[in-house]
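In our numbering, the protein residues as written are 3 to 474. Glycine included, C-beta positions come from ideal geometry on N, C-alpha and C. This one's a predicted model, so the numbers in the text were calculated from it and none came from an experiment. Read the structure below first, then the notes.
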């Protein structure tokens with residue numbers, strides 16, 4: 003017999019506060035409880051449009067526009083989708099033509115803005131960090147531009163993304179099939195003023211968290227760049243890779259063909275292999291723990307309360323700053339290898355060959371993120387301590403060159419996966435010990451900065467939520 007969810011009694015007066023809406027969303031999102039808590043709060047409240055730059059003009063929907071994509075950074079600007087604003091690494095996002103952005107300057111975002119997804123999945127938020135400044139962003143993301151003379155930007159973000167702000171934003175959602183919100187739907191959202199000391203403290207925490215995330219990303223990029231500059235070669239760039247027309251037709255003559263797929267013999271891939279194998283190198287399979295190496299772990303998902311569970315993270319979530327995976331029983335997955343040691347490089351191992359797909363991209367398990375259980379859709383590269391340093395291995399595997407090599411060893415029809423024997427034999431370039439240690443340390447510094455940014459952001463939320471709870 004199916005258990006029915008207990009209903010919630012809605013008072014007639016609540017409907018007046020929600021535009022006489024009859025759908026359940028505004029009443030079940032927790033927004034009403036949040037409003038009650040804010041009404042009880044003795045602190046002064048201001049509507050959102052009173053603390054944004056230019057009033058309602060400070061809450062921006064950039065509007066629809068024709069998209070023209072490019073592969074060369076000389077002609078394009080990194081373009082953030084509603085998913086990209088949640089990503090930790092922005093170095094691989096799509097490029098939109100500068101000419102398209104010139105026609106609509108509202109597409110550009112600046113540091114310190116609060117970004118809110120406004121279409122589809124509503125209410126996901128990001129604080130525009132230093133490495134987002136000047137990038138273009140989809141019209142599916144609202145820009146909330148704080149007036150720094152009226153409110154500290156970091157405090158406004160911390161409140162809007164707190165357990166009091168999110169429900170009220172989500173409650174303004176309209177639409178049947180594709181839900182959305184517009185600036186006017188959140189313009190009157192109440193913003194509590196908790197005093198200059200608290201607001202400034204929260205702002206400083208959020209700003210430092212944003213800075214550390216940008217630092218983390220730059221250290222990862224620096225580590226990868228150091229490998230290729232030391233080798234004296236250029237990390238393969240997207241536009242250069244596609245300018246090479248040899249992929250359109252080539253012959254292979256060999257008595258040792260191991261697969262019958264042309265992609266596995268792409269001349270560009272063969273050339274990269276020759277360059278790496280021309281000096282010191284190791285095979286990926288021989289430097290990784292064989293007890294973890296590989297993918298395709300199949301297991302039963304048993305939901306459980308967080309107290310007895312671990313967060314299960316899939317390919318899409320693993321690259322986000324804060325993954326939103328489900329909670330599954332920790333006891334049910336014990337010994338399966340889903341939880342990996344700190345320093346593991348995880349390669350997205352299933353997907354399609356679309357240029358923006360995460361398939362074959364790599365992510366690093368920091369001390370914080372190693373608490374997650376990663377789904378079976380990853381190749382788990384746990385480095386053997388006496389063979390290679392974890393940070394150095396990740397620095398290479400996150401490169402564009404490694405990404406292209408991994409794509410070229412794919413097998414499958416629609417859904418792709420790395421061919422196991424070719425994956426084991428993927429060549430990893432080696433440097434002198436001091437250089438590898440230097441690169442490893444860069445990655446370690448980056449991972450520590452990332453973890454600290456999570457802690458600082460959580461501390462900011464706790465301060466805001468505690469102040470509202472105590473005051474109400």
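Residues near residue i by beta carbon distance below 6 Å, same chain, minus five either side
| i | result |
| --- | --- |
| residue 453 | 368, 369, 370 |
| residue 394 | 438, 441, 442 |
| residue 65 | 141 |
Alpha helix (DSSP H) segment containing residue i, residue limits
| i | result |
| --- | --- |
| residue 170 | 167 to 173 |
| residue 36 | 33 to 42 |
Residue closest to residue i, alpha-carbon to alpha-carbon, out of the options
| i | options | result |
| --- | --- | --- |
| residue 407 | 201, 341, 240, 439 | 240 |
| residue 292 | 70, 382, 261 | 382 |
| residue 72 | 94, 93, 99 | 99 |
| residue 461 | 153, 392, 157, 102 | 157 |
| residue 192 | 410, 37, 465 | 37 |
| residue 328 | 376, 153, 282 | 376 |
| residue 62 | 166, 259, 184 | 184 |
| residue 282 | 11, 248, 229 | 229 |
| residue 106 | 139, 354, 56, 250 | 139 |
| residue 217 | 466, 122, 448 | 448 |
| residue 279 | 432, 112, 46 | 432 |
| residue 434 | 419, 389, 458 | 389 |
| residue 414 | 127, 354, 189 | 354 |
| residue 405 | 436, 358, 417, 416 | 358 |
| residue 349 | 317, 374, 343, 93 | 317 |
| residue 109 | 131, 82, 92, 35 | 82 |
| residue 189 | 409, 337, 49 | 49 |
| residue 320 | 41, 362, 223 | 362 |
| residue 46 | 186, 13, 265, 197 | 197 |
| residue 55 | 155, 12, 247, 259 | 155 |
| residue 276 | 313, 91, 428 | 428 |
| residue 343 | 232, 392, 257, 210 | 392 |
| residue 387 | 290, 91, 242 | 290 |
| residue 259 | 221, 424, 243, 472 | 424 |
| residue 213 | 416, 67, 234, 90 | 90 |
Residues of its chain near residue i, where Cβ-Cβ distance is below 8 Å and the 5 sequence neighbours each way are ignored
| i | result |
| --- | --- |
| residue 468 | none |
| residue 378 | 297, 298, 299, 300, 301, 340 |
| residue 272 | none |
| residue 135 | 111, 112, 113 |
| residue 419 | 297, 298, 351, 352, 412, 413 |
| residue 410 | 265, 266, 268, 270, 271 |
Proximal residues to residue i (C-beta, below 7 Å), its chain only, five neighbours per side dropped
| i | result |
| --- | --- |
| residue 334 | 302, 304 |
| residue 143 | 84, 87, 117, 118, 119, 120 |
| residue 426 | 285, 286, 287 |
| residue 464 | none |
| residue 396 | 347, 364, 366, 445 |
| residue 78 | 72, 97, 98, 99, 100 |
| residue 403 | 237, 238, 274 |
| residue 331 | 304, 306, 310, 311 |
| residue 53 | 148, 149, 152, 153, 158, 193 |
| residue 255 | none |
| residue 160 | 204, 208, 462, 463, 466 |
Coil, strand or helix - residue i by DSSP
| i | result |
| --- | --- |
| residue 296 | coil |
| residue 191 | coil |
| residue 115 | coil |
| residue 469 | helix |
| residue 181 | coil |
| residue 45 | coil |
| residue 448 | helix |
| residue 436 | helix |
| residue 154 | coil |
| residue 93 | coil |
| residue 12 | coil |
| residue 75 | coil |
| residue 458 | helix |
| residue 110 | strand |
The beta strand (DSSP E) enclosing residue i, as first and last residue numbers
| i | result |
| --- | --- |
| residue 68 | Here residue 68 belongs to no beta strand (DSSP E), and DSSP marks it neither H nor E. |
| residue 99 | 97 to 99 |
| residue 82 | 78 to 82 |
| residue 430 | 429 to 431 |
Any non-hydrogen atom of the ligand GTP closer than 7 Å to residue i Cβ
| i | result |
| --- | --- |
| residue 211 | Summarising the ligand content, the structure contains no ligands, and the ligand GTP is consequently not present. |
Uninterrupted beta strand (DSSP E) stretches inside the region 347 to 427 (no shorter than 3 residues): Listed in chain order, the complete beta strand (DSSP E) runs (minimum 3 residues) inside the region 347 to 427 are 347 to 350, 364 to 366, 380 to 383.
Segments of 3+ residues assigned as beta strand (DSSP E) that fall wholly inside the region 123 to 152: The region 123 to 152 contains these whole beta strand (DSSP E) runs: 127 to 129, 143 to 146.
In chain order, each alpha helix (DSSP H) run of at least 4 residues that lies wholly inside the region 288 to 347: Counting whole runs of 4 or more residues, the region 288 to 347 contains the alpha helix (DSSP H) stretches 317 to 320.
Length-filtered (4 minimum) alpha helix (DSSP H) runs lying within the region 206 to 283: Along the length of the region 206 to 283, whole alpha helix (DSSP H) runs at least 4 residues long occupy 240 to 245, 269 to 279, reported in chain order.
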